[in-house]
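Below is one structure, written out as structure tokens; the observations come after it.
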Amino acid sequence: MSSSSGAGKTVCVTGASGYIASWLVKLLLERGYTVKASVRDPNDSRKTEHLRRLPGANDRLHLFKANLVDEGCFDSIINGCEGVFHTASPCFFKAADPQTEIIDPAVKGTLNAFWVVVQKRLL
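Residue numbers for the sequence shown follow full-length UniProt numbering, beginning at 1 and rising by one.
Quick look at the structure:
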């Protein structure tokens, strides 16, 4: 992304409470973008307070609840966006069944986001 202004533009960041996504949200807000951000629970201040405190967040950050494995979970969030940064993914350091607990949900979440982008013709 160039250093040009994002004023008047809206983008989506999935998994916004994660480490990398949080920095991405910060950068996008600094550049003037409105950010529609998906998180597991927008009311969980332990996971969202760092986002709400970012400069520009009061006016241009909108948090939405989404479970990446639920089909259609990103539809309304991505609607009206000019771009999508899909960073949502399960993050476990130990998993009894990595395929079922990490890989399958990550793939399903990516496909959920991808198909909305295709349907909205954001490619």
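By construction, the Cβ of each residue, glycine as well, lies at the ideal position given by its N, Cα and C atoms.
None of the values given here were measured: they were computed from a predicted structure.
Q: Mark residue 12 as exposed unless 16 or more other C-beta atoms lie within 10 angstroms of its C-beta, in which case mark it buried.
A: As a first step, residue 12 is located in the sequence shown; it is residue number 12 there, counting from the start. In summary, residue 12 is buried, with 16 or more beta-carbon neighbours lying within 10 Å of its beta-carbon over all protein chains present.
Q: Along the beta strand (DSSP E) that carries residue 83, what are the first and last residues, could you check?
A: In the sequence shown, the residue the question calls residue 83 occupies position 83. Note, residue 83: beta strand (DSSP E), 83 to 86.
Q: Output the distance between the C-alpha atoms of residue 60 and residue 100, rounded to the nearest integer angstrom.
A: Numbered from its first residue, the sequence shown carries residue 60 at position 60. Numbered from its first residue, the sequence shown carries residue 100 at position 100. Their backbone Cα atoms lie some 36 Å apart in a straight line.
Q) Taking only runs of the alpha helix (DSSP H) that begin and end inside the UniProt domain "NmrA-like" (9 to 108), which ones reach a length of at least 4 residues, in chain order? A) Taking only runs of at least 4 residues, the alpha helix (DSSP H) segments lying wholly in the UniProt domain "NmrA-like" (9 to 108) are 19 to 30, 45 to 52, 57 to 60, 75 to 78.
Q. In or out: residue 111 buried (at least 16 other Cβ within 10 Å) or exposed?
A. For the purposes of this step, residue 111 is taken as residue 111 along the sequence shown, with counting starting at 1. By the 10 Å Cβ count, residue 111 comes out exposed.
Q: Below 8 Å CB to CB, which residues in the same chain sit around residue 35 once its five sequence neighbours on both sides are set aside?
A: Within the sequence shown, numbered from 1, the residue matching residue 35 stands at position 35. Excluding sequence neighbours, residue 35 sits near 10, 11, 12, 13, 16, 25, 28, 29, 60, 61, 62.
Q | residue 113 burial status per 10 Å Cβ neighbour count (16 or more: buried) | A | Translated into positions along the sequence shown, residue 113 becomes position 113. Classification of residue 113: buried, given that the 10 Å Cβ count is 16 or more.
Q) Under a three-way DSSP split, which group does residue 111 fall into? A) Start at 1 with the first residue of the sequence shown, and residue 111 comes out as number 111. Residue 111 falls in the helix class under three-state DSSP.
Q.
Which same chain residues end up closer than 6 Å to residue 49 when comparing Cβ atoms and leaving out the 5 residues on each side of it in sequence?
A. Locating residue 49 in the sequence shown gives position 49, counting from the first residue. Nothing listed; no residue qualifies.
(Q) Can you list, in chain order, the residues of its chain with a C-beta nearer than 6 Å to that of residue 54? Leave out the 5 residues immediately preceding and following it. (A) In the sequence shown, the residue the question calls residue 54 occupies position 54. If we look at residue 54 and ignore the five residues flanking it on each side, its Cβ neighbours are 26, 29.
Q. Is residue 102 closer than 7 Å to residue 90 when the C-beta atoms are compared?
A. Numbered from 1 along the sequence shown, position 90 holds the residue referred to as residue 90. Numbered from 1 along the sequence shown, position 102 holds the residue referred to as residue 102. Going by beta carbons, residue 90 and residue 102 fall inside the 7 Å limit.
Q | residue 7 versus residue 33: straight-line alpha-carbon distance, rounded | A | Taking the first residue of the sequence shown as 1, we reach residue 7 at position 7. Taking the first residue of the sequence shown as 1, we reach residue 33 at position 33. Taking the CA atoms as reference points, residue 7 sits about 5 Å from residue 33.
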